[in-house]
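Protein sequences appear in the order of chains A and B.
If you read the first sequence in the working numbering, its first letter stands for residue 1, the second for the next number, and so on.
If you read the second sequence in the working numbering, its first letter stands for residue 1, the second for the next number, and so on.
2 protein chains.
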Amino acid sequence: MFFVTEPNTKPWTMQQIADAAGVSVTTVSHTMSGKRPVNPQTALRIKRLIDEFGYVPDAGARRLQSGRSRMIGLAVPDISNWYFGRIARGAEEMADELDYGLIVCSTFNSDPRREKRYFNMVRTRMIDGLVYTAGREMNEMNELEKVALSSPVVLADEGINRLSSIPWVTSENFEGGRLAGAHVRELGHTKAVIIGGFAGLNSTVERVAGIREFFPNALVLNGDFEMQSGYDLVGDLLANDVRFTAVFGGNDLMAIGAIKRLREAGLRVPEDVTVVGFDDVEIASVITPALTTVRQDVVSIGRNSARLLIEGLEAGTFEGTSSVILPVQLVVRATSGPLAPDPRR
Amino acid sequence: MFFVTEPNTKPWTMQQIADAAGVSVTTVSHTMSGKRPVNPQTALRIKRLIDEFGYVPDAGARRLQSGRSRMIGLAVPDISNWYFGRIARGAEEMADELDYGLIVCSTFNSDPRREKRYFNMVRTRMIDGLVYTAGREMNEMNELEKVALSSPVVLADEGINRLSSIPWVTSENFEGGRLAGAHVRELGHTKAVIIGGFAGLNSTVERVAGIREFFPNALVLNGDFEMQSGYDLVGDLLANDVRFTAVFGGNDLMAIGAIKRLREAGLRVPEDVTVVGFDDVEIASVITPALTTVRQDVVSIGRNSARLLIEGLEAGTFEGTSSVILPVQLVVRATSGPLAPDPRR
DNA sequence: CGCATACTGCAAAACGCTTTGCGCATCACA
DNA sequence: TGTGATGCGCAAAGCGTTTTGCAGTATGCG
């Protein structure tokens, strides 16, 4: 008797509950919302019926009338990516705590069509506001700008310079770069390369700037945050006989790809080359040797983004809302160390 | 002039478009839906205005009237988990191709409150149907059953015996177990242990049964699919002096945890112990030594689930819809091999 | 010229809910 | 008993769409 055989049974309406209880819909509505007192006996009877029928008010009708859906959206480049998954997790936690629903959507790495679709979700009032996570240089920047003009939007993970008036949540990227740079510098390294993320991202720019406080001339290559690109870029460096004793990864994945490539070239980590990542993904502590990295609290990015958005929503304005910058932390493990004498050198 | 300063501007209504074009809303509506012919000139004028105003029809009102939202939901235990992220990715792809929207929600490992919330999303008609992914033994099984009674539900990844009439999508788990078992058997191993997933899951039961075709007496321990539990369970085995030369992981993460623990105990992989995983996560090919595993096409699970659901939705019934079982594939890498003489033995 | 036959557009009725304006009891207090 | 306050329920007016029944204007054809 599942849907298999019995299609779309009509759900109960509030009117039917009212009829069954012998009252008007007004009374049922007030019983549910508590916005006006209702005779305790009547209320009890109504509540019983609601339970019995399994009645749930229609979301669309409710929204239509009240103007709010108590739903927010989260747009990320790719939900299957660990990093964005964590953000989603955090946002969902916070939304839940504040009694909002969260709708997660992938823009498939900023596919303009998808982005438009999600921006429209706030336009169609399906959601009350949007947390947007830029994956790279934005395609539909203008669209975002337009949406933000009249609806609440918060930027997670990446601030966008042009859109400076939109609240955002991110990590101390510059400081993270500094921490990594200082650590490697102290180990005595002088020649370093940076496998950064997308060049257009603030986070990339800031991390690089932080590292360069200690390695002013470090070569910067830009990858796409995937393991493979770390692998490939180190391959390019080796093929060009670039000399370096330290590699900074724009994230852990690229750092891990780099390590793989270094090893295949017969280089030892950390004896010959020190490698430092960024993020502290779960796997970082498991690979051999365990990865030295800069930990950021990705879940918190999600949590705070959702919080900012919902607070703005309830307040009706972002006036006075200030962006959030979360602390990072250097985690020293086994891929960083002083230069060891090369047995072959 | 962002939302920061200018709260909730009212969106345009169809009436306003109609007024501006000097026609009635009927004409505007028909222009948009194409359900009745409209004078080309009038239509053009209306379309121009729609673009100019940036008008988008209200989703709630539309749903209220038409009865369908063209949105489906996907409930997974934890969106930040790689595995479920892949499923979400696949479902989202397919939904997009079929011009549906997808709403992804975490049940936070079957938190009853959350589950209820998502089941209610289909009750409130916010979504037209639901793809449900069980993470472990289900808590709100009865709820699911009730929902499935009147609304389209598809099970992804895990079939549920009691709910055999609900369509489901999964991998050839039994065959996967057999492949792994046969491979390890051929390498000459005779003593194996299985670090399985949750005991209550069909997939776990089937994989174990497949392996046991070749290792009838293999000890089975149940983990939670996380790396740590693979690590811990192997620790228990070692502490109890259990003798084995092969470990089957219920997934790659647990296999990787197991390897870590084995190494810490001074055992070599694969010389002393062969380890085989399940899934073929990205990291499996990167760790050293690279992991031998059974590959399943997780994205396809998501894709097919969404497809089944939407097809049922459009057809108005699941009559004739048959469940999907996807093929798996053994990927032999470096963690499996014949037993090598232990130098210390 | 007269009568079907499109072709277009309008008014109005839902859809299921929230909220407001009223009115009828009931009650307290003088 | 009169007066004001309070409690509680009803009817009805939207909210922004889609869809249906009608009607007015052309057009085609004998």
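Every residue gets a Cβ at the ideal spot worked out from N, C-alpha and C, and that includes glycine.
{"Item": "Beta carbons nearer than 7 Å to chain A: which residues of the region 239-260 of chain B have them?", "Value": "I256, K260"}
{"Item": "If you drop the 5 nearest sequence neighbours on each side, which residues of the same chain put their C-beta closer than 7 Å to that of A20 of chain A?", "Value": "L49"}
{"Item": "Considering only the beta carbon of each residue, do A306 of chain A and V25 of chain A sit closer than 8 Å?", "Value": "no"}
{"Item": "So is V4 of chain B buried or exposed if we call it buried at 16+ other beta carbons inside 10 Å?", "Value": "Its pLDDT being 46, under 50, V4 of chain B is placed unreliably by the model, and the measurement read from it follows with that caveat. Looking at its Cβ environment, which holds 16 or more other Cβ atoms inside 10 Å, V4 of chain B is buried."}
{"Item": "What does P57 of chain B touch in chain A if you count any residue whose Cβ is under 7 Å from its own?", "Value": "T124"}
{"Item": "Of all the options A:F278, A:E282, A:K260, A:R303, which has the alpha carbon lying nearest to the alpha carbon of I287 of chain B?", "Value": "A:K260"}
{"Item": "Starting from the Cα of D280 of chain B, find the closest Cα among B:F214, B:L262, B:R295, B:S323 and give me that residue.", "Value": "B:R295"}
{"Item": "Taking its Cβ as the centre, do 16 or more other Cβ atoms sit within 10 Å of R162 of chain A, making it buried, or is it exposed?", "Value": "exposed"}
{"Item": "So within the region 71-109 of chain B, which uninterrupted alpha helix (DSSP H) runs reach at least 4 residues, ignoring any that extend past its ends?", "Value": "82-97"}
{"Item": "Give the DSSP-derived three-state secondary structure of G196 of chain B in the structure shown.", "Value": "strand"}
{"Item": "Does DSSP put F215 of chain A in a helix, in a strand, or in coil?", "Value": "coil"}
{"Item": "Rounding to the nearest angstrom, what Cα-Cα distance links T170 of chain A and A75 of chain B in this structure?", "Value": "28 Å"}
{"Item": "Would you identify the three-state DSSP class for Y118 of chain A, choosing helix, strand or coil?", "Value": "helix"}
{"Item": "Below 6 Å CB to CB, which residues in the same chain sit around F318 of chain A once its five sequence neighbours on both sides are set aside?", "Value": "P167, G312"}
{"Item": "Just curious, the alpha helix (DSSP H) that R295 of chain A is in, first and last residue?", "Value": "Element bounds for R295 of chain A: not the alpha helix (DSSP H) but the beta strand (DSSP E), 293-296."}
{"Item": "Decide yes or no for the touch test of the region 33-46 of chain B against the region 54-64 of chain B: beta carbon pairs closer than 8 Å, at least 3 of them.", "Value": "no"}
{"Item": "DSSP three-state label for D236 of chain B, please.", "Value": "helix"}
{"Item": "With S171 of chain A as the anchor, note down where its beta strand (DSSP E) starts and where it stops.", "Value": "168-171"}
{"Item": "Check whether the Cβ atoms of P327 of chain A and E93 of chain A sit closer than 8 Å, and answer yes or no.", "Value": "no"}
{"Item": "Among B:V28, B:K35, B:M126, B:A180, which has the Cα closest to the Cα of S69 of chain B?", "Value": "B:M126"}
{"Item": "What distance in whole Å lies between the Cβ atoms of G230 of chain B and I194 of chain B, which are believed to be in contact at a cut-off of 8 Å?", "Value": "With 8 Å as the limit, I194 of chain B and G230 of chain B do not qualify as a contact, their Cβ atoms being about 11 Å apart."}
{"Item": "Taking the alpha-carbon of S66 of chain B as reference, which of B:E52, B:D51, B:S33 has the nearest alpha-carbon?", "Value": "B:S33"}
{"Item": "Closer than 8 Å, CB to CB, is N142 of chain A near chain B or not?", "Value": "no"}
{"Item": "For P338 of chain B, count neighbouring C-beta atoms within 10 Å of its own C-beta (all shown protein chains included) and say buried if the count is 16 or more, exposed if not.", "Value": "exposed"}
{"Item": "Using a Cβ cut-off of 8 Å (strictly closer), state whether V328 of chain A contacts chain B.", "Value": "no"}
{"Item": "Is the Cβ of W168 of chain A closer than 8 Å to any Cβ of chain B?", "Value": "no"}
{"Item": "Just the C-alpha distance for D236 of chain A and N120 of chain B, rounded to the nearest angstrom, thanks.", "Value": "53 Å"}
{"Item": "Pick out whichever of B:S151, B:F278, B:R136, B:L64 has its Cα sitting closest to the Cα of F198 of chain B.", "Value": "B:R136"}
{"Item": "Taking 8 Å as the threshold (beta carbon to beta carbon), is P11 of chain A in contact with chain B?", "Value": "yes"}
{"Item": "Tell me where the alpha helix (DSSP H) around F53 of chain A begins and ends.", "Value": "40-53"}
{"Item": "Can you name, in chain order, every residue of its own chain whose Cβ lies under 7 Å from the Cβ of I211 of chain B, other than the five neighbours on each side?", "Value": "G177, A180, G181, I194, A218, F248"}
{"Item": "Skipping 5 residues on each side, what residues in its chain have a beta carbon closer than 7 Å to that of R243 of chain B?", "Value": "K191"}
{"Item": "Which class does I310 of chain B belong to by DSSP, given the choice of helix, strand or coil?", "Value": "helix"}
{"Item": "Taking E282 of chain B as the query, report the chain A residues whose CB atoms sit under 8 Å from its CB, ordered along the chain.", "Value": "M227"}
{"Item": "Quick one, which of A:S285, A:P341, A:E314 has its alpha-carbon nearest A334 of chain A's?", "Value": "A:S285"}
{"Item": "For V28 of chain B, report the span of its alpha helix (DSSP H) as first-last.", "Value": "25-33"}
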